[in-house]
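Line order of the protein sequences matches chains Y and P. Residue numbering for the first sequence is 1 to 413, as defined by full-length UniProt numbering. Residue numbering for the second sequence is 1 to 413, as defined by full-length UniProt numbering. Here a beta-carbon is modelled for each residue, glycine too, at the ideal position from N, C-alpha and C. Working notes, structure below.
There are 2 protein chains.
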Amino acid sequence: MSVLEQAAAARIAAIDLAGATRAEKDKALLLMADRLVERSDDIVAANAVDIANGRENGIGEAMIDRLTLTTERVAAMADGLRQLAALPDPIGDVVRGSTLANGLELRQVRVPFGVVGMIYEGRPNVTADAAGICLKSGNAALLRGSGSAFSSNAAIVSVLRKAVTDAGLPADTIQLLDATTRDSVKELMRARGLVDVLIPRGGASLIKTVVEQSTVPVIETGVGNCHVYVDSAADLEKALAVTVNSKTQRLSTCNTAESLLVHTEIAERFLPLVLEEFASHGVTVHGDARVAGYSDDVVAATEDDWGTEYLAADISVAVVDSLDDALDHIRRYGTGHTEAIVSESVTATRRFVAGVDAAAVMVNASTRFTDGGEFGFGAEIGISTQKLHARGPMGLPELTSTKYVVTGNGHTR
Amino acid sequence: MSVLEQAAAARIAAIDLAGATRAEKDKALLLMADRLVERSDDIVAANAVDIANGRENGIGEAMIDRLTLTTERVAAMADGLRQLAALPDPIGDVVRGSTLANGLELRQVRVPFGVVGMIYEGRPNVTADAAGICLKSGNAALLRGSGSAFSSNAAIVSVLRKAVTDAGLPADTIQLLDATTRDSVKELMRARGLVDVLIPRGGASLIKTVVEQSTVPVIETGVGNCHVYVDSAADLEKALAVTVNSKTQRLSTCNTAESLLVHTEIAERFLPLVLEEFASHGVTVHGDARVAGYSDDVVAATEDDWGTEYLAADISVAVVDSLDDALDHIRRYGTGHTEAIVSESVTATRRFVAGVDAAAVMVNASTRFTDGGEFGFGAEIGISTQKLHARGPMGLPELTSTKYVVTGNGHTR
């Protein structure tokens, strides 16, 4: 089947799915979880094919690790689906409601988008996650994973489709697209009218391609060149804790800090402490001339460094003369993901919060908190860095639209 | 200045504007209103140039009427701005807020988009409307009106910019783009990163062009092929009132009904009544074979008729065998704007509401009620027919994004 044929089948499935009750959807999710566990051996065997291919193609051990499925990892995928079943159903929520002056009853009700396309890279567990999140939010899912995980993804989707059918919902609620060719991505991006929204998850170049070429509406996710700004009025201990945690707690995530800005008035006290901490964590500091004065280990920062999302044990560090200079720097190089200030000053934090244009602003807290799980959303589809529709961590409600229902008694204008 | 230079200036203005209080914005809106009235003669004189050009270019009298500004129409524009000043400010609203288990304070706060691009046709009063709505919602506006109204729009924007400056806000909050060339539309559509959202208002071909070619996120507005479905369980009197009002109360709006579907079991009683009403209102009926049996005046409907938004004294009419057939017809030909059912049956209306995928569903009420003013929103930027971000009539909150503000005390993960 072509992508357009799959999308058309998804549209039909989506009509049934939109009418499914929470009970029906949760039953499907629990069955999907059980079946993944039961068929764990088959899934791990399919995964072995991908791993063998990966080794043959010479992909690195870090990638091999991300690609690898074990019985435990399959069980974790199943647990994720069970957790989704336990979350409230966003569909049918009345977002706004009133009775108008003329007696018309106005209700704005949450409804599914219809068909959601996901384009993602890397780990095959995203396949079960994405399928589950779409199902719970009443959307048919078109999943375009990476070519390197195609055998694993095909095995997972085959198990999930069978479970969905056995639970009484249409199999085409979950469909895997051909990942052996780039054409399937292109077709998906042009399927306006059949696909309601496209969510790319992955590296910057994938996201850029989709954003620029898709005629299907896109929710942009992920690139985070996150800054920590240590204000002149910062508490040194909090500044150190927040900075080090933001950079080192996990290196490869989009909410990891990639740049540190230090107010000149606190630089002399703070920089020696933080540079020592970075050194002990094996983090390479790319600093400006003022930072270089504090340690011989500082690598001279180039213009490129300020705009780089390292996703590695590197950080750019600059000394700034004022909070305004910090805001200007962030406006220039930030990606609108997460920006943090450490300060005891109400005036300074108020100005920083107002002046930063980002999905999340942290005050005396690690950038690593920008996360659906941390925010208490229960499930996360990704972190939106765009301003339209959803901004920041996206939970189930962010995968829905609304519909106005207006009830009268023969009302006319 | 090029469009990109104007957009860059708008971004800078938007930073100041985002920090403006409601009092500052309302002061600007009231001054804009006063100045429009004071400078009414100049605006009407500038409008005379557009009208003379229009006559020379042979545009029709209906278009001339839409283009014409009088002292009264300028006063109405000013009143619109005063009404905006009276509306609550959406900026700063806390949409969601909680304290997380670890003590972090999470707030989701409404913030402006930043820079909003509007592409519109026709009446110059949209210029003041759009400028006011963007200002009130804290957004800098890039206005691309029609070439036919360029002299009028330039006069209006000049007055508004002066008023904005006198009120202490940046002039570049409101900018008019060159309407003498299509290049300005093209540049605007490619200004991703400088312009946050683009809202096209106008005919179907304008909207299609913008949706397909823009890399800036778009909010799609307007095309409405709206249906009225008269169910077998309809009250005849209500059905007649709703149908006739939906079609004839105003012919040229996107929420006007363009198609009528009548359940076969009520056709014999309802069609003679409604056809007579249509005849007395001068509405041409494009009917299927079953409808044609009821009147010699029925024009045979072609396949094209079912998908046509007439915006005129025409309506397509079909007899359907069931509610499901009506839903299928609407799925095939509807544009997701407004669909109405007339029925006394709870079961039928419930199925119709659930089965229709549209921005608004009317139960025993005219399609003409899908309107920001009727919904009590106070101001309307347009009616979104897309599912992302905003669906249905858009008020001030729909011109905003949100930002998460997370406050801790040195919190780390």
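Does the contact criterion of 3 or more C-beta pairs under 8 Å hold for the region 382 to 398 of chain P versus the region 127 to 144 of chain Y?
Verdict: no, contact absent.
Quick one: which chain P residues come within Cβ less than 9 Å of residue 115 (chain Y)?
For the purposes of this step, residue 115 (chain Y) is taken as the residue at position 115 of the first sequence. Result: empty, since nearest Cβ-Cβ is about 10 Å, beyond 9 Å.
Between residue 48 (chain Y) and residue 252 (chain Y), what straight-line distance do the alpha-carbon atoms span, to the nearest angstrom?
Start at 1 with the first residue of the first sequence, and residue 48 (chain Y) comes out as number 48. Start at 1 with the first residue of the first sequence, and residue 252 (chain Y) comes out as number 252. Their backbone Cα atoms lie some 25 Å apart in a straight line.
Alpha carbon to alpha carbon, what distance is there between residue 183 (chain P) and residue 71 (chain Y)?
Here residue 71 (chain Y) is taken as the residue at index 71 of the first sequence, counted from 1. Here residue 183 (chain P) is taken as the residue at index 183 of the second sequence, counted from 1. Using only the alpha carbons, I get a separation of about 58 Å.
What's the C-alpha gap between residue 181 (chain P) and residue 3 (chain P)?
Locating residue 181 (chain P) in the second sequence gives position 181, counting from the first residue. Locating residue 3 (chain P) in the second sequence gives position 3, counting from the first residue. Cα-Cα distance, rounded: 12 Å.
Taking 8 Å as the threshold (C-beta atoms), are residue 104 (chain P) and residue 408 (chain P) in contact?
As a first step, residue 408 (chain P) is located in the second sequence; it is residue number 408 there, counting from the start. As a first step, residue 104 (chain P) is located in the second sequence; it is residue number 104 there, counting from the start. Yes, these two residues count as a Cβ contact at 8 Å.
Please state whether DSSP places residue 364 (chain Y) in a helix, a strand or coil.
The count along the first sequence starts at 1 and reaches residue 364 (chain Y) at position 364. Reduced to three states, the DSSP call for residue 364 (chain Y) is strand.
Where residue 325 (chain P) and residue 86 (chain P) are concerned, what is the direct C-alpha to C-alpha distance, given to the nearest angstrom?
Counted from its first residue, the second sequence places residue 325 (chain P) at position 325. Counted from its first residue, the second sequence places residue 86 (chain P) at position 86. Distance between the alpha carbons of residue 325 (chain P) and residue 86 (chain P): 46 Å.
Buried or exposed for residue 258 (chain P), going by 16 or more other Cβ atoms inside 10 Å?
As a first step, residue 258 (chain P) is located in the second sequence; it is residue number 258 there, counting from the start. Buried, by the Cβ-count rule.
Can you pull the chain Y neighbours of residue 249 (chain P), defined as C-beta to C-beta under 9 Å?
Your numbering for residue 249 (chain P) matches position 249 in the second sequence. Neighbours of residue 249 (chain P) on chain Y, chain order: 412 and 413.
For residue 83 (chain Y), which of helix, strand or coil comes out of DSSP?
Working through the first sequence from its first residue, we reach residue 83 (chain Y) at position 83. In this structure, residue 83 (chain Y) counts as helix in the three-state DSSP scheme.
Beta-carbon separation of residue 120 (chain Y) and residue 201 (chain Y) under 8 Å?
Taking the first residue of the first sequence as position 1, residue 120 (chain Y) is located at position 120. Taking the first residue of the first sequence as position 1, residue 201 (chain Y) is located at position 201. Result yes, Cβ atoms of residue 120 (chain Y) and residue 201 (chain Y) sit closer than 8 Å.
So if I threshold CB-CB distances at 8 Å, which residues from the region 364 to 378 of chain P count as touching chain Y?
For the region 364 to 378 of chain P, which is checked against every Cβ of chain Y, the residues closer than 8 Å are 364, 365, 366, 368, 369, 370, 374, 375 and 376.
Against chain Y, does residue 6 (chain P) count as a neighbour if the rule is that its beta carbon must be under 8 Å from one of theirs?
As a working note, residue 6 (chain P) is residue 6 in the second sequence. No - not a single Cβ of chain Y is within 8 Å of the one on residue 6 (chain P).
How would you list, in chain order, the residues of chain Y whose beta-carbon sits under 9 Å from the beta-carbon of residue 94 (chain P)?
Your numbering for residue 94 (chain P) matches position 94 in the second sequence. By Cβ distance, chain Y contributes nothing, its closest Cβ being about 13 Å from residue 94 (chain P), past 9 Å.
Can you give me the Cβ contacts of residue 235 (chain Y) inside the same chain, cut-off strictly under 6 Å, excluding the 5 residues immediately before and after it?
Position 235 of the first sequence, counted from the start, is the residue given in the question as residue 235 (chain Y). Result list for residue 235 (chain Y): 344, in chain order.
State the DSSP-derived secondary structure class of residue 329 (chain Y), mapped to helix, strand or coil.
Locating residue 329 (chain Y) in the first sequence gives position 329, where the first residue counts as 1. Residue state, collapsed to three classes: helix.
Exposed or buried, what is residue 237 (chain P) when buried is set at 16 or more other beta-carbons lying within 10 Å of its beta-carbon?
Counting from 1 along the second sequence, the entry for residue 237 (chain P) is found at position 237. Result: exposed.
Give the single residue among Y:123, Y:110 and Y:75 whose Cα lies nearest to the Cα of residue 150 (chain Y).
Your numbering for residue 150 (chain Y) matches position 150 in the first sequence. Taking only the C-alpha atoms, the option nearest residue 150 (chain Y) is Y:123.
According to DSSP, which residues form a beta bridge with residue 105 (chain Y)?
Within the first sequence, the letter at position 105 stands for residue 105 (chain Y). Beta-bridge pairing links residue 105 (chain Y) to Y:99 and Y:407.
So residue 223 (chain Y) and residue 198 (chain Y) are in contact, right, with Cβ under 8 Å, and what is the actual spacing, rounded?
As a first step, residue 223 (chain Y) is located in the first sequence; it is residue number 223 there, counting from the start. As a first step, residue 198 (chain Y) is located in the first sequence; it is residue number 198 there, counting from the start. About 16 Å; that fails the 8 Å criterion.
Hey, would you say residue 295 (chain Y) sits closer than 8 Å to residue 273 (chain Y), going by beta carbons?
The residue given as residue 295 (chain Y) occupies position 295 in the first sequence. The residue given as residue 273 (chain Y) occupies position 273 in the first sequence. No. Outside cutoff.
Using a Cβ-Cβ cut-off of less than 7 Å, give me the residues of the region 58 to 84 of chain P that come near chain Y, in sequence order.
The region 58 to 84 of chain P vs chain Y, Cβ under 7 Å: nothing.
Distance check for residue 349 (chain Y) and residue 267 (chain Y), CA to CA, integer angstroms please.
Numbered from its first residue, the first sequence carries residue 267 (chain Y) at position 267. Numbered from its first residue, the first sequence carries residue 349 (chain Y) at position 349. The straight-line gap from Cα to Cα measures roughly 18 Å.
Spell out whether any CB of chain P is found under 8 Å from the CB atom of residue 98 (chain Y).
On the first sequence, residue 98 (chain Y) is found 98 positions in, with the first residue counted as 1. Judged by the 8 Å Cβ criterion, residue 98 (chain Y) is in contact with chain P.
Could you name the residues of the region 386 to 402 of chain Y whose beta carbon sits closer than 7 Å to any beta carbon of chain P, in the order they occur along the chain?
Against chain P - using a Cβ distance shorter than 7 Å - the residues of the region 386 to 402 of chain Y are 386, 387, 388, 389, 391, 392, 401 and 402.
Does the beta carbon of residue 172 (chain Y) come closer than 8 Å to any beta carbon on chain P?
As a working mapping, residue 172 (chain Y) is identified with position 172 in the first sequence. By this cut-off, residue 172 (chain Y) is not an interface position.
Can you name the start and end residues of the alpha helix (DSSP H) that residue 132 (chain Y) belongs to?
Here residue 132 (chain Y) is taken as the residue at index 132 of the first sequence, counted from 1. Residues 125 to 136.
Could you work out which residue in P:137, P:69, P:107 and P:221 is closest to residue 337 (chain P) when comparing CA atoms only?
On the second sequence, position 337 is the one that residue 337 (chain P) refers to. Of the candidates P:137, P:69, P:107 and P:221, the one whose C-alpha sits nearest the C-alpha of residue 337 (chain P) is P:221.
Helix, strand or coil for residue 1 (chain Y) per DSSP?
Taking the first sequence and counting its residues from 1, the one referred to as residue 1 (chain Y) is at position 1. Coil, per DSSP.
For the alpha helix (DSSP H) containing residue 353 (chain P), name the first residue and the last one.
Here residue 353 (chain P) is taken as the residue at index 353 of the second sequence, counted from 1. Counting along the chain, the alpha helix (DSSP H) containing residue 353 (chain P) begins and ends at 346 to 355.
Closer than 8 Å, CB to CB, is residue 142 (chain Y) near chain P or not?
The count along the first sequence starts at 1 and reaches residue 142 (chain Y) at position 142. With 8 Å as the cut-off, residue 142 (chain Y) does not count as an interface residue toward chain P.
Could one say the Cβ of residue 21 (chain P) lies closer than 8 Å to chain Y's Cβ atoms, at least one of them?
On the second sequence, position 21 is the one that residue 21 (chain P) refers to. With 8 Å as the cut-off, residue 21 (chain P) does not count as an interface residue toward chain Y.
Going by DSSP in three states, residue 76 (chain Y) sits in which element: helix, strand or coil?
By 1-based counting over the first sequence, the position of residue 76 (chain Y) is 76. In this structure, residue 76 (chain Y) counts as helix in the three-state DSSP scheme.
Is the region 76 to 90 of chain Y touching the region 131 to 146 of chain Y, taking contact as three or more C-beta pairs under 8 Å?
They touch, by the three-pair rule.
Listing by chain order, which chain Y residues have their CB less than 7 Å from the CB of residue 217 (chain P)?
Along the second sequence, read from residue 1 onward, the residue named residue 217 (chain P) stands at position 217. 386 and 388, listed in chain order.
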